[in-house]
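Under mature numbering (1 follows the signal peptide of the UniProt record, and there is no 0), read the sequence shown as residues -17 to -1, 1 to 128, first letter to last.
Backbone N, C-alpha and C define an ideal beta-carbon position, used for all residues, glycine too.
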Amino acid sequence: MRKYFLLLVLISVSNWAQTKAVSKEAAAVAARVEAFRKALIDPTESNLKALTSKDLSYGHSSGVLQDQKVFIEKLLNGESDFVTIEFQNQSIQVTGDVAIVRHNLVAHTKDSGVEKDIKIGNVLVWQKQKDKWLLIARQAFKLPQ
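As structure tokens, then:
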């Protein structure tokens, strides 16, 4: 009986430690997502490169795909211009060195000088590389009406 009790305690401690580690990583990812949100509103080449992988695949709800270079260029030249952004209903799932973030993006944009309000869904895939979470993929999608 004592062996079973010790085994149960060890399993419980192990599960607690694993949950705590995942929670710590989820918090780190959440901080990167927030930094990314701010970088979309006030973009600089350095902050966008620091948050994204050189192998970034950035998908828009229109079906347009961009790599890191084009994604950054469009933000810096004003073709893609976020005035405000809010991430709603966000969830973060961390599995090893990969994190999947889902949220609804509600924003006011001024793309190429044309103002509009948008509400789309996003799936972001982050990967921990050299102790830093980097965005490796993003896919936006139209939300059901």
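Can you check which of these residues, the options, is closest to residue i by C-alpha distance?
i           : options                : result
V106        : Y41, E8 and K21        : Y41
N87         : D80, K125, S29 and I55 : K125
K111        : D80, S29 and K7        : D80
residue 134 : Q128, A123 and P127    : With the chain running from -17 to 128 in the structure shown, residue 134 is simply not present.
K102        : K113, A11 and V89      : V89
G96         : G104, S74, S63 and T78 : S63
Alpha carbon to alpha carbon, how far is residue j from residue i? Give it in angstroms, no decimals.
i    : j    : result
V84  : R15  : 11 angstroms
F65  : L23  : 6 angstroms
D38  : V108 : 12 angstroms
E69  : H91  : 9 angstroms
K93  : A18  : 21 angstroms
W116 : E8   : 9 angstroms
L59  : S74  : 28 angstroms
According to DSSP, is residue i part of a helix, a strand, or is it coil?
i    : result
L126 : coil
K7   : helix
K111 : strand
Opposite residue i in the DSSP bridges: which residues?
i           : result
A18         : Partner(s): none; A18 has no beta bridge.
E98         : K93
F70         : L88
residue 157 : Shown here, the chain extends from -17 to 128; a query on residue 157 therefore has no answer.
V106        : R85 and Q122
Q49         : Y41
V77         : A82
T35         : L118
F65         : T92
By the 10 Å Cβ neighbour count, where 16 or more other Cβ atoms means buried, how is residue i classified, buried or exposed?
i   : result
A82 : buried
Q76 : exposed
K99 : exposed
K57 : buried
L31 : buried
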